[in-house]
Amino acid sequence: MTPSYKNNELIIKNSDETLDKILKSNCSVSRFGDGEFNVMLGRGINFQKYSGVLRDRLFEIINSQRSNHIVCIPYVFKSMRGLTPKSMNYWRKYMGAKYNDIKTLLNSNNEYYDSLVTRVYIDHLDKSKSLERFKKFKKIWDGKNIVIVEGSKTRFGRGNNLLENSRSIKRIICPAESAFSKYQDIVTEVKKQSREDLILISLGPAATVLAYDLAKSGFQAIDIGHIDIEYEWFLQGTNDKIPIKNKYVNEVKGGRRVDFTRDIEYEEQIVKRIDE
Numbered sequence: 001m002t003p004s005y006k007n008n009e010l011i012i013k014n015s016d017e018t019l020d021k022i023l024k025s026n027c028s029v030s031r032f033g034d035g036e037f038n039v040m041l042g043r044g045i046n047f048q049k050y051s052g053v054l055r056d057r058l059f060e061i062i063n064s065q066r067s068n069h070i071v072c073i074p075y076v077f078k079s080m081r082g083l084t085p086k087s088m089n090y091w092r093k094y095m096g097a098k099y100n101d102i103k104t105l106l107n108s109n110n111e112y113y114d115s116l117v118t119r120v121y122i123d124h125l126d127k128s129k130s131l132e133r134f135k136k137f138k139k140i141w142d143g144k145n146i147v148i149v150e151g152s153k154t155r156f157g158r159g160n161n162l163l164e165n166s167r168s169i170k171r172i173i174c175p176a177e178s179a180f181s182k183y184q185d186i187v188t189e190v191k192k193q194s195r196e197d198l199i200l201i202s203l204g205p206a207a208t209v210l211a212y213d214l215a216k217s218g219f220q221a222i223d224i225g226h227i228d229i230e231y232e233w234f235l236q237g238t239n240d241k242i243p244i245k246n247k248y249v250n251e252v253k254g255g256r257r258v259d260f261t262r263d264i265e266y267e268e269q270i271v272k273r274i275d276e
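In case it helps, this note's numbering puts the sequence shown at residues 1 to 276.
Right, dumping it as structure tokens:
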């Protein structure tokens, strides 16, 4: 029998409540999705090799409670209403196979937020609220100096206007895959930045850990995930996940093969490269 994935005991705020929380409290954000849960259950994923240290850190973080940091898990644990049939089918299969294990990792006394907050477009049947939610994201970095910690093929915010309202942009470039293998080098480098800077992290499961560690050190750090790719799909008006030129898209066939066009402005934003 397929287990029920709808856990009415869990407290999970939806995407809009999650965005409002970030805007109101300037908190840091760690997100747990299927990849992070797979690592916690002892498996690697296609862009992050399994690591016992990474698993242990994820266990530490998922039930942490800090006033300046929120933990996000998929709102689909509460409801799949409004998802596309394709997305709903994926999550039903995933929960049917793994939810009994995943629920043992969670604390029904904790207040969680939505890790799918960075998936505001492609998986939604009703896409009419997508623009409003992208505008909320842009408010997070409005007028701020930001530091983007990303994989070498990510190029977060390049080629679109997602970051146009930020004050300045710096980049720390990390391995495109299995970034956690360089975690100590990465966290050391990020901590050299000003605590007045907003840190945006697009780095797979390593981002979940990094956002938490930076919050403990007084930074605002957001595991920003796929929001840039979602924005690209939104701008193109596509209903399907498609490759994006010059950007790494892990979940699309051919999306991991990235041919770069020279981008001098992007290169000038790079303050450090962490070797592959």
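Think of the CB as a built atom: it goes at the ideal place given N, C-alpha and C, for glycine as much as any other residue.
Taking each of D56, L105, L163 and D34 in turn and checking the Cα distance to V76, the smallest one comes out for D34. Listed in chain order, the non-local C-beta contacts of R43 below 8 Å within the same chain comprise Y50, local neighbours out to five positions each way being set aside. Of the residues I227, I242, V187 and K170, the one whose Cα lies closest to the Cα of E265 is K170.
Along the segment 91 to 173, the alpha helix (DSSP H) occurs as fully enclosed runs of 4 or more residues at 130 to 140, listed in sequence order. Residue pairing of S28 in beta bridges, as defined by DSSP: H69. In its chain, beyond the 5 residues on either side, K170, Q193, D197 and I199 have a beta carbon closer than 6 Å to the beta carbon of V147. Cβ neighbours of I73 within its own chain (closer than 6 Å, five residues either side excluded): F32, Y112 and S115. In this structure, the beta-carbon distance from K98 to L54 does not fall below 8 Å. Here L83 is buried, its C-beta having at least 16 other C-beta atoms within 10 Å.
In the structure shown, the three-state DSSP call for I224 is coil.
In the three-state DSSP reduction, S64 falls in the coil class, being neither helix nor strand. Sequence-distant Cβ neighbours of L125 in its own chain, meaning closer than 6 Å and more than five residues away, are G82 and T84. About 7 Å separates the CB atoms of I173 and E150; that is less than 8 Å, so the two are in contact. With respect to I229, V258 sits apart: the two C-beta atoms are not nearer than 8 Å.
Secondary structure at K247: strand, using DSSP grouped into helix, strand and coil. Within the same chain, and ignoring the five residues on either side of D223 in sequence, the residues whose Cβ sits closer than 6 Å to its Cβ are V29, S30, R31, I201, A207, T208 and A211. Assigned with DSSP and collapsed to three states, V258 falls in coil, not helix or strand. With a threshold of 16 other beta carbon atoms within 10 Å, D240 falls short and is exposed. Secondary structure in the segment 178 to 229: the beta strand (DSSP E) runs of 3 residues or longer, each lying completely within the stretch, are 198 to 202 and 220 to 223 in chain order. DSSP places I274 outside any alpha helix (DSSP H), giving it a letter other than H or E.
The C-beta of L131 has fewer than 16 other C-beta atoms within 10 Å across all chains shown, which makes the residue exposed. Close CB contacts of L58 within its chain, under the 8 Å cut and outside five residues either way in sequence, are with F32, E36, V39, M40, P205, T208 and V209 (chain order). Under the DSSP assignment, F37 falls in the alpha helix (DSSP H) whose first and last residues are D34 to M40.
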